[in-house]
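Data block below; observations after.
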Amino acid sequence: TFRGYVSGHPALKAALARGREVVDIEVENALLKKAKGYDFTEVTQELKKDPETGEMALRVTKTVTRHYPGDVTAQMFWLANRKRAVWAYKPQPEAQEEDGTGVVELTPQDPEPAPPAPAEGGAGDGA
Numbered sequence: 001t002f003r004g005y006v007s008g009h010p011a012l013k014a015a016l017a018r019g020r021e022v023v024d025i026e027v028e029n030a031l032l033k034k035a036k037g038y039d040f041t042e043v044t045q046e047l048k049k050d051p052e053t054g055e056m057a058l059r060v061t062k063t064v065t066r067h068y069p070g071d072v073t074a075q076m077f078w079l080a081n082r083k084r085a086v087w088a089y090k091p092q093p094e095a096q097e098e099d100g101t102g103v104v105e106l107t108p109q110d111p112e113p114a115p116p117a118p119a120e121g122g123a124g125d126g127a
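Going by full-length UniProt numbering, 99 is the number at position 99 of the sequence shown; the sequence numbering is gapless.
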């Protein structure tokens, strides 16, 4: 296999490790750029006729600087991996249900309690 061949040739193994290191750094930089956001220039070209030669050629018709905002998912991924002690994903333990069905029953509470019922035989009953 290829892995067996590489393990038998230290120079090849070192060259492959260096190549992986370069690509890893490029990916880290791309992730950081996406996490932070960046500005880029968008150039629009259109096919137009050159008035001097009469030939069709691409001409720049519009140049706009746009901003790509930071990506929250990339930020979360970066922080969870680089600052694990502070940003690690820690799921909350689920509440234990007594019956084991996994169903939690919720009952609404009345926003205002009903007024008390008038007492029988009290003052103001006309008797």
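For glycine and all other residues, C-beta sits at the position ideal for the given N, C-alpha and C. On a predicted model such as this, the values are computed, not experimentally measured, just so you know.
Item                                                                                                                                                                                                : Value
Where in the stretch 40-104 do unbroken runs of the beta strand (DSSP E), each at least 3 residues long, occur, reported from the N-terminal end onward?                                            : 56-69
Output the distance between the C-alpha atoms of aspartate 24 and alanine 30, rounded to the nearest integer angstrom.                                                                              : 10 Å
Here's a check: name, in chain order, each residue in its chain whose Cβ is nearer than 7 Å to the Cβ of aspartate 50, leaving out the five neighbours to either side.                              : Ala57
Starting from the C-beta of tyrosine 38, find all residues in its chain whose C-beta is less than 6 Å away, skip the five residues before and the five after it, and write them out in chain order. : Tyr68
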